[in-house]
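Here the structure is laid out as structure tokens; the discussion comes afterwards.
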Amino acid sequence: MAISLFITLSMAFVACNAQENRTYRTVCYVEGWTHWRDEPNKFETNDIDSNLCTHVVWNHGELNSTLNIVVHDNGDEDIYRSLTGLKSDAPELKVLLDIGGWPVGSEEFTKIVATPAARQAFADEAVAYLRRFNFDGTTMMETFEAEVTGSTTPRLLLVAGITANSWQIGQSFEVTEMAKTVDWLDVRAFDLHGPWEGALRHHSTLFSPTADTSDSIDHMIQLIVNDNVPKEKIDLGIPLFGHTLTLTDPTNTDLGAPIANSQETVNYYEVRA
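Per mature numbering (1 follows the signal peptide of the UniProt record, and there is no 0), the sequence shown runs over residues -18 to -1, 1 to 255.
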């Protein structure tokens, strides 16, 4: 079964076969719309091999205008139950819900962080929602102050998803302080470049192909490490998808070549084919 995943691997990586002996995280980030594909590329929760992942993140839950968490698609609640049901066969597996995504934008989150009361209200809402569906945590930006100290229920995991763009990291994220609160930082290393630039670039470059060493995932990770974030709290997201771009001049295929402002996402099963 072909699958399109966004996989994150922990920087604290120690190879080991048995899941119960792993000291690293292999986080499988599953796009929620994959179950809408036609066969043979349709992907359901029961297609997930829980032995390949220490954590599974489902993308995504959304926020409505009253800042309540809601499903992205009708039927997602049944998928939530099926997803967290994987833990019956893999007790060590952790299942998280990603809240947000590009359809949500930043407006609702801006309202959430505007006041302590709004943050507390959303924390209460998020904890209740995650507990309702037996999730083990969420990938987002807020702390769960509503969790009861001393409770016999395992604490929910809190993961901050951040961009791998160095400028945005500097402008939007206080990673040193964030690392003190969250379980780990999920560095989403994709779309560093795109058609909005009007030039041919790789959207997820591990090492820079030019003299500008800042144009790489390696540079972004070093910035975070240099901000005193423990390596065991850094997960590097590996995008298993690509983008197609239309060249202005089909004979010029060099990096930096002019492109038309068009783009199509190519999923892993399409690249592999």
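From the three backbone atoms N, C-alpha and C, an ideal C-beta is built for every residue, glycine too.
Just to confirm my understanding: we take residue i, look at its own chain, exclude 5 residues before and 5 after, and list those with CB closer than 8 Å. What are they?
i	result
Trp178	Asn243
Ala171	Ala146, Ser186, Ile199, Met202, Leu218, Gly219, Ile220 and Pro221
Ile61	Gly14, His17, Thr27 and Trp40
Glu246	His225 and Thr226
Phe115	Glu59, Tyr62, Arg63, Thr66 and Leu79
Asp231	Ala239 and Pro240
Ile81	His42, Gly43, Glu44, Leu45, Ile51, Ala108, Thr120, Thr121 and Met122
Thr158	Asp209, Asn210 and Val211
Using the DSSP secondary-structure output, state which residues sit across from residue i in a beta bridge.
i	result
Phe223	Asn249
Asp168	Gly143 and Asp217
Ile241	Leu229
Glu21	None, per the DSSP bridge assignment.
residue 282	In the structure as shown, the chain begins at -18 and stops at 255. Residue 282 is therefore absent and cannot be evaluated.
Can you find the residues in the same chain that come closer than 7 Å, C-beta to C-beta, to residue i, ignoring five residues on each side of it along the sequence?
i	result
Ala161	Leu167, Val211, Pro212 and Lys215
Thr131	Reliability fails at Thr131, whose pLDDT of 40 lies under 50, so the model's placement of it is uncertain and the value that follows must be treated cautiously. Cβ within range, chain order: n/a, list empty.
Asp31	none
Leu79	Trp40, Gly43, Leu112, Phe117 and Thr120
Thr195	His201
Thr228	Ile241, Ala242 and Ser244
Leu139	Lys76, Leu78, Asp118, Gly119 and Asp165
Ala100	Lys93 and Ile94
Asn50	Glu107
Phe223	Ser(-15), Thr247, Val248, Asn249 and Tyr250
Asn46	Val52
Pro136	none
Glu90	Leu45 and Leu49
Let's see if you can read the secondary structure: which residues bound the beta strand (DSSP E) around residue i?
i	result
Ala142	Leu139 to Thr145
Arg183	It is not in any beta strand (DSSP E) - Arg183 carries neither H nor E in the DSSP assignment.
Asn41	His37 to Leu45
Val211	Counting along the chain, Val211 falls outside any beta strand (DSSP E), and DSSP gives it neither H nor E.
Tyr11	Thr8 to Glu13
For residue i, report the span of its alpha helix (DSSP H) as first-last.
i	result
Lys162	Val157 to Thr163
Trp149	Ser148 to Ser154
Going by beta carbon distance, what residues of the same chain come within less than 6 Å of residue i, once the five residues before and after it are set aside?
i	result
Asp236	none
Phe189	Ser198 and Asp200
Asp173	His185
Thr125	With a pLDDT of 39 at Thr125, under the threshold of 50, the predicted position of this residue should be treated as unreliable, though the coordinate-derived value follows. Hits under 6 Å: Thr163.
Arg183	His175
Phe155	Ile144
Does chain D have any CB closer than 9 Å to the CB of residue i?
i	result
Val211	Among the protein chains of the structure shown there is no chain D, as only one such chain exists.
Exercise for the section: Flag this pair as touching only if the segment 144 to 155 and the segment 193 to 203 have three or more C-beta atom pairs under 8 Å; answer yes or no. Expected result: yes
Practice task
Tell me, please, whether the segment 7 to 18 touches the segment 35 to 42 by the rule of three or more beta-carbon pairs shorter than 8 Å.
Solution key: The segment 7 to 18 vs the segment 35 to 42: in contact.
Problem - 3-residue-minimum beta strand (DSSP E) runs that sit fully inside the segment 49 to 102, ordered along the chain - result: 76 to 81
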